[in-house]
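Undergrad: This is the structure, below, for whatever I ask next.
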Amino acid sequence: MADTLLSIRGLTKAYPGVVANDDVSFEIQKGEIHALLGENGAGKSTLVKMIFGLVKPDRGEMLLDGSAYTPGKPSDARRAGVAMVFQHFSLFEALDVAENVALGMENPPKPRDLARQIREVSETYGLPLDPSRTVGTLSAGERQRVEIIRCLLQHPRLLIMDEPTSVLTPQEVEILFETLAKLKAEGTSILYISHKLEEIRTLCDEATILRLGKNVGTCTPREVTARQMAEMMVGSSFATPEARSAEKGEVLLKCDALSMPAPGAFGTPLREVSLEVRAGEVLGIGGVAGNGQDELLMALSGERLAPKGAIWFKGEDISRAGPMARRDAGLLSGPEERLGHAAAPNMSLTENGVLTASRRKGLVSNGFIDWGKATGFAEEVIERFDVRTPGPGTAARALSGGNLQKYVVGREIQQDPDVFVVNQPTWGVDAAAAAAIRQALLDLAAKGAAIICISQDLDELMEISDRFGALNEGRLSPTRAVSELDIEKIGLMMGGAHDMEVAHVDG
Amino acid sequence: MIRLEKRPQPSTLWTALTPVLAVLLTMIVGGIMFAALGKPPLEAIRTIFWDPLFHPQFASYSRPQLLVKAGPLILIAIGLSVGFRAGIWNIGAEGQYIMGAVIGAAVGLAFYPSDSVLLFPLMVVAGALGGWLWAMIPALLKTRFGTNEILVSLMLVYVAENILASASSSWLRNPEGQGFPGSRNFKQWPAVFNDELIANTGMHWGVVAAFIAVIGAYVLMARHIQGFNIRLTGEAPRAARFSGVNPVRIVLLCLGVSGALAGMAGLFEVTGPAGQISIDFGSGYGFTAIIVAFLGRLNPFGILLAGLLMALTYIGGELAQLMLGLPGASIQLFQGMLLFFLLATDVFTNYRIRFVGREVA
Chain A
1 MADTLLSIRG LTKAYPGVVA NDDVSFEIQK GEIHALLGEN GAGKSTLVKM IFGLVKPDRG
61 EMLLDGSAYT PGKPSDARRA GVAMVFQHFS LFEALDVAEN VALGMENPPK PRDLARQIRE
121 VSETYGLPLD PSRTVGTLSA GERQRVEIIR CLLQHPRLLI MDEPTSVLTP QEVEILFETL
181 AKLKAEGTSI LYISHKLEEI RTLCDEATIL RLGKNVGTCT PREVTARQMA EMMVGSSFAT
241 PEARSAEKGE VLLKCDALSM PAPGAFGTPL REVSLEVRAG EVLGIGGVAG NGQDELLMAL
301 SGERLAPKGA IWFKGEDISR AGPMARRDAG LLSGPEERLG HAAAPNMSLT ENGVLTASRR
361 KGLVSNGFID WGKATGFAEE VIERFDVRTP GPGTAARALS GGNLQKYVVG REIQQDPDVF
421 VVNQPTWGVD AAAAAAIRQA LLDLAAKGAA IICISQDLDE LMEISDRFGA LNEGRLSPTR
481 AVSELDIEKI GLMMGGAHDM EVAHVDG
Chain B
1 MIRLEKRPQP STLWTALTPV LAVLLTMIVG GIMFAALGKP PLEAIRTIFW DPLFHPQFAS
61 YSRPQLLVKA GPLILIAIGL SVGFRAGIWN IGAEGQYIMG AVIGAAVGLA FYPSDSVLLF
121 PLMVVAGALG GWLWAMIPAL LKTRFGTNEI LVSLMLVYVA ENILASASSS WLRNPEGQGF
181 PGSRNFKQWP AVFNDELIAN TGMHWGVVAA FIAVIGAYVL MARHIQGFNI RLTGEAPRAA
241 RFSGVNPVRI VLLCLGVSGA LAGMAGLFEV TGPAGQISID FGSGYGFTAI IVAFLGRLNP
301 FGILLAGLLM ALTYIGGELA QLMLGLPGAS IQLFQGMLLF FLLATDVFTN YRIRFVGREV
361 A
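In order, the protein sequences belong to chains A and B.
Heads up: the first sequence runs through residues 1 to 507, numbered per the UniProt record's numbering.
Heads up: the second sequence runs through residues 1 to 361, numbered per the UniProt record's numbering.
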């Protein structure tokens, strides 16, 4: 067929113990935005790595424009017209935009020419970006533009984008979508990987759905509901969280103009953050990554001590209390980074249970750890939160991201906190597990706990929160009832003091 | 092409197997080295590993030496392993060992010629305190000013060596020693002489202390919450902080324990096998103990075995120098190989080798 750009036939790739891709076939047409959908571990990354020449398939073939396409390395792929924007940026913060772009090119032009080209591309595609700015000062959305422009300078025929909107504000998403639409109109094909089903429905022409390494179906996203796509991904239906009563209790946790300096060179200071959360209430805190989410969690968990009078728990000033004292009082927290922060990678699940539950669950007496009890606690969490693992003796790093997330969030919920502060509870977790975690948070609130959920997933926050606030450069917007909000207002709250430059696409 | 692939979990089989494999490889490569030196390799290996224990003529002398040498190595290595587990690198155990001996001996000599039964325990405490104080210098500098404990503890070894030299030639010098450097000989002072507890075994109080330390360290690391906190700090410092572990306390605890044990080892040595404070008292136990700690996989019982093995190569090495005329440097090389191969084979604990065809990584 003349209109097919890339045709994938029977691609198979096995890793020890797991078949990442099993006989996957599909086609991408010219000028098509093609979605690649699947849970974590479904094999999306392996598939795109094969297309981009990072991994060699065991079996199967790819045809690009009708001729055999076997990229041995990414530069082969680039030469053939395939470019990729990764989920995690590989940029040097100390260098400026043009220097970063040049580093990714094989024969970079002279700096002045390059800066001109960057400006041209950024104007043509409505991606405002100044080539002379230092990357360290850019927002996540702007950094992504650097990566996109780097790709566009090579005039790709196929652009692969791995979860591009996970770091963007709604306005930035709109800008990105306009750019993609323009690329599509010019005949560029886009392979778009995402979890966000609504997004795929608005943007994509075709969707290929992977489950456990197999292609389980193709659909036209506009013609099916998000729920149908989700069920294809998961292979079964899953529960949506239930609504709960509106009865709220007394204020359990309060921050009073909490200000703290930035923890490091690229950290964010907290600036007069004030909030309150009541028993039975879920406070959602949104915002683009790197605007103080981590710092707020560390201040509330007690890892960094706040100035006197800034944090009040059940009417007592706990600003100077450490993590253990706060846990004893009933304030528990779950950090975003699973490996290395919420859990020690090389330690077993049992040991990782002792990490936070040692005192509340009485796992330690007279300084000695009761390993029998500790194993029992780990088993309870594994059982209740459906953590897929051979057993509590497994090292945390051996678990998949979603399963470990279920374990570390479950570990705190199992301790019946009065207040639970959690950052990105469902980050990188598949749809079914995410639904289970959200339900567990809502159940906890229904039992009278107060919950602060920090997340970059707005759909999630809208689904579970009673009130919403957004962090921007370390400042928290006034919190508002979710029922009063719409996507426009949320965007403005997230944008905060930023001037949201609304870009227009030429032509 | 050979490729290393990270294992999802550290292999328990390889954790146990690597020390054995390292010893075997050391024997093979060491044998080749001895052959290159023109010595019979098999005989050299046998002289190092077998003769000290079973030679009809020398064994009765060298067998007790095994515990005499292993005792301080184990005691110091146990202390070091506690810190290494937390990622706190005390490289200066030699200095703490010397300071424990000097201060412990000084406290004892202040009461000369008392024959109180309390004096020896007092000296042990003073020795531990001396090592502890010496280790507190890098600890406090690290917690207050963020200095690197590796450099500070190492440099303090040289300071300690100079203090040792001045002690043996001036302020602790034997007043009845006709001006020769060196303190009074503890072997001639029964109240404090750390003699063999059972004749011809080499078992003195220091060896007993080493065994107690092995058990104590096992209980601490495997069962106690402080041991858990130490391991957690080493594995994931951010997670430790999240858990509520105070990093300052861990630094003070780890350096304190290793310093105190090294100081104690110094005191047992000076009152026992060495007999007196002298300029050449520092014999490198504090450095060798680092090898012992790693050879024993930072596991208390592993350290016990590693200490004995290391002591064996010391005694056997001396024997081989004596009987085969092997140069001393070749014995040190041989011991160095042991650590080298251990670290090299250690890769297999966390990685597996895959032989793959031509493929693009």
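We put the CB at the ideal spot given by N, CA and C, even for glycine.
1. So, is the C-beta of Ser243 (chain B) closer than 7 Å to a C-beta in chain A?
2. If we define contact as Cβ-Cβ less than 7 Å, is Gly328 (chain B) a contact residue for chain A?
3. Does any CB atom of chain A fall closer than 7 Å to the CB of Arg249 (chain B)?
4. Under 7 Å between the Cβ atoms of Val101 (chain A) and Arg150 (chain A)?
5. Within 10 angstroms of the Cβ of Lys361 (chain A), are there 16 or more other Cβ atoms? Answer buried if so, exposed if not.
6. Show which residues of chain B have a CB atom less than 8 Å away from the CB atom of Phe368 (chain A).
7. Counting C-beta neighbours from all protein chains within 10 Å, is the total for Pro261 (chain A) 16 or more, i.e. buried, or is it exposed?
8. Run through chain A and tell me which residues come within less than 7 Å of Arg238 (chain B), C-beta to C-beta.
9. With a 10 Å radius around its C-beta and 16 neighbouring C-beta atoms as the bar for buried, classify Gln178 (chain B) as buried or exposed.
10. Give the DSSP-derived three-state secondary structure of Leu129 (chain B) in the structure shown.
11. Assuming Thr394 (chain A) and Gln9 (chain B) make a contact with CB atoms under 8 Å, what is their CB distance in whole Å?
12. Comparing alpha-carbon positions, which option in A:Gln87, A:Leu331 and A:Asp294 lies nearest Ile311 (chain A)?
13. Kindly indicate if chain B contains any beta-carbon less than 7 Å away from that of Val421 (chain A).
14. Do Thr188 (chain A) and Phe26 (chain A) have their CB atoms nearer than 7 Å?
15. So, do the stretch 100-114 of chain B and the stretch 183-196 of chain B have three or more beta carbon pairs nearer to each other than 8 Å?
16. Just curious, the beta strand (DSSP E) that Asn423 (chain A) is in, first and last residue?
17. How far does the alpha helix (DSSP H) with Ala257 (chain A) in it reach, from first residue to last?
18. Decide if Arg3 (chain B) is buried, meaning its Cβ has at least 16 other Cβ atoms within 10 Å, or exposed.
19. Put Met62 (chain A) into one of helix, strand or coil per three-state DSSP.
20. According to DSSP, is Glu149 (chain B) part of a helix, a strand, or is it coil?
21. Quick one: Cα of Leu47 (chain A) to Cα of Gly213 (chain A), how far?
22. Is there a C-beta anywhere in chain A that falls below 7 Å from the one on Asn229 (chain B)?
23. Name the residues in the stretch 274-290 of chain A whose C-beta lies less than 9 Å from a C-beta of chain B; which are they?
24. How should Trp132 (chain B) be labelled, buried or exposed, when 16 other C-beta atoms within 10 angstroms of its C-beta is the threshold for buried?
25. Can you confirm whether Glu161 (chain B), when its beta carbon is compared against all beta carbons of chain A, has any partner nearer than 7 Å?
26. Which of helix, strand or coil does DSSP assign to Tyr112 (chain B)?
27. Which same chain residues end up closer than 7 Å to Arg88 (chain B) when comparing Cβ atoms and leaving out the 5 residues on each side of it in sequence?
28. Look at Trp126 (chain B) and Val107 (chain B) and say whether their C-beta atoms are less than 7 Å apart.
29. Identify each residue in the stretch 6-18 of chain B for which the Cβ-Cβ distance to at least one residue of chain A is less than 8 Å, and report them in chain order.
30. Below 8 Å between beta carbons is the criterion; list the residues of the stretch 302-324 of chain A that meet it against any residue of chain B, in chain order.
31. Under 7 Å, do Phe268 (chain B) and Trp171 (chain B) count as touching if we go by C-beta distance?
32. I need the boundaries of the alpha helix (DSSP H) containing Leu13 (chain B), first residue and last residue.
33. Out of A:Ala431, A:Thr350, A:Arg411 and A:Asn423, point me to the one whose CA is closest to Gly391 (chain A)'s CA.
34. So what's Phe193 (chain B) in DSSP terms, helix, strand or just coil?
35. Is there at least one Cβ from chain E nearer than 7 Å to Ala374 (chain A)'s Cβ?
36. Note down, in chain order, each residue of its chain lying with its Cβ closer than 7 Å to the Cβ of Arg7 (chain B), except the 5 sequence neighbours on either side.
TA: So, to answer that:
1. As a working mapping, residue 243 (chain B) is identified with position 243 in the second sequence. Interface residue, yes.
2. Indexing the second sequence from 1 puts residue 328 (chain B) at position 328. No, Gly328 (chain B) lies away from the interface with chain A (no Cβ there is under 7 Å from its Cβ).
3. Along the second sequence, one-based indexing puts residue 249 (chain B) at 249. So, not an interface residue.
4. One-based indexing of the first sequence puts residue 101 (chain A) at position 101. One-based indexing of the first sequence puts residue 150 (chain A) at position 150. Cβ distance < 7 Å, so Val101 (chain A) and Arg150 (chain A) count as in contact.
5. Translated into the one-based positions of the first sequence, residue 361 (chain A) becomes position 361. It is buried - the Cβ of Lys361 (chain A) has at least 16 other Cβ atoms within 10 Å.
6. Position 368 of the first sequence holds residue 368 (chain A). The contacting residues are Arg223, His224 and Ile225.
7. The count along the first sequence starts at 1 and reaches residue 261 (chain A) at position 261. Exposed.
8. Taking the first residue of the second sequence as position 1, residue 238 (chain B) is located at position 238. Near Arg238 (chain B) (Cβ distances below 7 Å), the residues of chain A are Gly340 and His341.
9. Residue numbering aside, residue 178 (chain B) sits at position 178 when the second sequence is read from its first letter. With fewer than 16 other Cβ atoms within 10 Å, it is exposed.
10. Within the second sequence, numbered from 1, the residue matching residue 129 (chain B) stands at position 129. Helix.
11. In the first sequence, the residue the question calls residue 394 (chain A) occupies position 394. In the second sequence, the residue the question calls residue 9 (chain B) occupies position 9. About 7 Å; that satisfies the 8 Å criterion.
12. Residue numbering aside, residue 311 (chain A) sits at position 311 when the first sequence is read from its first letter. The candidate whose alpha carbon is nearest that of Ile311 (chain A) is A:Leu331.
13. Taking the first residue of the first sequence as 1, we reach residue 421 (chain A) at position 421. Not one chain B Cβ lies under 7 Å of Val421 (chain A).
14. Here residue 188 (chain A) refers to the residue found at position 188 of the first sequence. Here residue 26 (chain A) refers to the residue found at position 26 of the first sequence. The answer is no: Cβ separation not under 7 Å.
15. yes
16. Against the first sequence, residue 423 (chain A) aligns to sequence position 423. It spans Val419 to Asn423 - the beta strand (DSSP E) in which Asn423 (chain A) sits, taken as one unbroken run.
17. Position 257 of the first sequence, counted from the start, is the residue given in the question as residue 257 (chain A). Segment Val251 to Met260 is the beta strand (DSSP E) holding Ala257 (chain A); no alpha helix (DSSP H) there.
18. Start at 1 with the first residue of the second sequence, and residue 3 (chain B) comes out as number 3. Arg3 (chain B) comes out exposed.
19. Sequence index remark: in the first sequence, residue 62 (chain A) carries index 62 (1-based). Residue state, collapsed to three classes: strand.
20. Translated into the one-based positions of the second sequence, residue 149 (chain B) becomes position 149. DSSP places Glu149 (chain B) in helix when its eight states are reduced to three.
21. Translated into positions along the first sequence, residue 47 (chain A) becomes position 47. Translated into positions along the first sequence, residue 213 (chain A) becomes position 213. Using only the alpha carbons, I get a separation of about 9 Å.
22. On the second sequence, residue 229 (chain B) is found 229 positions in, with the first residue counted as 1. No, Asn229 (chain B) lies away from the interface with chain A (no Cβ there is under 7 Å from its Cβ).
23. none
24. Here residue 132 (chain B) refers to the residue found at position 132 of the second sequence. Buried is the call here.
25. The sequence position of residue 161 (chain B) within the second sequence is 161, counting from 1. No - not a single Cβ of chain A is within 7 Å of the one on Glu161 (chain B).
26. As a position in the second sequence, residue 112 (chain B) is number 112, starting the count at 1. In the structure shown, Tyr112 (chain B) sits in coil (DSSP, three-state: anything other than H, G, I, E or B).
27. Taking the second sequence and counting its residues from 1, one reaches residue 88 (chain B) at position 88. It should be pointed out that residue 88 (chain B) corresponds to Ile in this sequence rather than to Arg. Result list for Ile88 (chain B): Glu149, Val251, Cys254 and Leu255, in chain order.
28. In the second sequence, the residue the question calls residue 126 (chain B) occupies position 126. In the second sequence, the residue the question calls residue 107 (chain B) occupies position 107. First, the amino acid is wrong: residue 126 (chain B) is Ala here, not Trp. Yes, Cβ-Cβ distance for Ala126 (chain B) and Val107 (chain B) is below 7 Å.
29. Pro8, Gln9 and Pro10
30. Gly302, Glu303, Gly322, Pro323 and Met324
31. Locating residue 268 (chain B) in the second sequence gives position 268, where the first residue counts as 1. Locating residue 171 (chain B) in the second sequence gives position 171, where the first residue counts as 1. Contact: no.
32. Position 13 of the second sequence, counted from the first residue, corresponds to residue 13 (chain B). Looking at the DSSP string, the run of the alpha helix (DSSP H) that includes Leu13 (chain B) is Thr12 to Ala36.
33. Taking the first residue of the first sequence as 1, we reach residue 391 (chain A) at position 391. Closest option to Gly391 (chain A), Cα to Cα, is A:Thr350.
34. For the purposes of this step, residue 193 (chain B) is identified with residue 193 of the second sequence, where counting begins at 1. Looking at Phe193 (chain B) - three-state DSSP - the assignment turns out to be coil, as it is neither helix nor strand.
35. Here chain E cannot be found, since the structure's protein chains are A and B.
36. Residue 7 (chain B) sits at position 7 when you count from the first residue of the second sequence. If we look at Arg7 (chain B) and ignore the five residues flanking it on each side, its Cβ neighbours are Asn350, Tyr351 and Arg352.
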